[in-house]
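Residue numbers for the sequence shown follow numbering that gives the first Met the number 0, so the first one is 0 and each next one is one higher.
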Amino acid sequence: MNTTVSRMQLLRGNFTGGKDVLRPPWAVDEESFLDGCTRCDVCRDHCPTNIIVAGSGGFPIVDFSNGECTFCGDCGNHCEPGVLSSSARENGDRPWAYLARFTRACLNRLGILCRGCGDHCIAGAIRFRPVLGGALMPTVASDRCTGCGACHAPCPVGAIEIGRF
Ligand code: SF4
Ligand code: SF4
Ligand code: SF4
Numbered sequence: 000m001n002t003t004v005s006r007m008q009l010l011r012g013n014f015t016g017g018k019d020v021l022r023p024p025w026a027v028d029e030e031s032f033l034d035g036c037t038r039c040d041v042c043r044d045h046c047p048t049n050i051i052v053a054g055s056g057g058f059p060i061v062d063f064s065n066g067e068c069t070f071c072g073d074c075g076n077h078c079e080p081g082v083l084s085s086s087a088r089e090n091g092d093r094p095w096a097y098l099a100r101f102t103r104a105c106l107n108r109l110g111i112l113c114r115g116c117g118d119h120c121i122a123g124a125i126r127f128r129p130v131l132g133g134a135l136m137p138t139v140a141s142d143r144c145t146g147c148g149a150c151h152a153p154c155p156v157g158a159i160e161i162g163r164f
């Protein structure tokens, strides 16, 4: 891909909807990713949880409404250009810098008791803490959260975002 197209894609990706573009785990930096990814869809075909979908320009992104990342590495193992770095995974590098965060839509903020997200977090990163007024609000421990996205889909009001916060 030439540099002009690469920069256009970079811009389009970074500002779509004002949200982060979530690439599959162990993706190289965004510019290298856009330069190297051939949009072959092989990563999509190998993801057992079907969270890899086609994003802007056909480049793969992660959609946690379909499920969570198990960090199995199958996407990177089959990525021929190596833009999902299997060596980074083998080195034990973090798969990404994504974290969960709660928005104001959380039912607990409205006084409706809900613990759904906490029940799905196997990392134990979600804690419920009392806030002013007595409600128990969920919080995310950033040192425990892997950004796996398992808490996102079960939330009945879509109150959990996953991104770089
Ligand atoms: S397998 Fe690699 S090159 Fe193919 S679409 Fe996925 S990230 Fe791009
Ligand atoms: S690591 Fe596994 S579960 Fe996660 S996106 Fe890649 S193939 Fe899917
Ligand atoms: S993204 Fe994963 S690790 Fe982080 S809070 Fe949600 S379920 Fe827990």
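Even glycine gets a Cβ: it sits at the ideal position worked out from N, Cα and C.
Taking 8 Å as the cut-off, the Cβ atoms of residue 63 and residue 151 count as close.
Looking at the DSSP output, residue 164 bridges to nothing.
Short note on residue 78: C-beta not closer than 7 Å to any heavy atom of ligand 2. In this structure, the CA atom of residue 40 is about 13 Å from the CA atom of residue 73. Cα atoms of residue 25 and residue 83: separation of roughly 5 Å, rounded to the nearest angstrom. Here DSSP, grouped into helix, strand and coil, assigns residue 61 to strand. The DSSP assignment places 98 to 101, 125 to 129, 135 to 139 as complete runs of the beta strand (DSSP E) inside the segment 84 to 157, in order along the chain (cut-off: 3 residues). Between residue 163 and residue 99, the alpha-carbon positions lie close to 9 Å from each other. The Cβ atoms of residue 20 and residue 54 sit closer than 8 Å to each other. The beta carbon of residue 79 is closer than 8 Å to those of 37, 39, 41 in its chain, skipping five residues each way along the sequence. Between ligand 1 and residue 59, a heavy atom-to-CB distance of less than 7 Å is present. Following the DSSP letters along the chain, one finds residue 52 in no alpha helix (DSSP H) but inside the beta strand (DSSP E) bounded by residues 51 to 53. Look at residue 36: its beta carbon is at least 7 Å from all of the heavy atoms in ligand 2. By alpha-carbon distance to residue 29, the top candidate from 48, 124, 95, 127 is 95.
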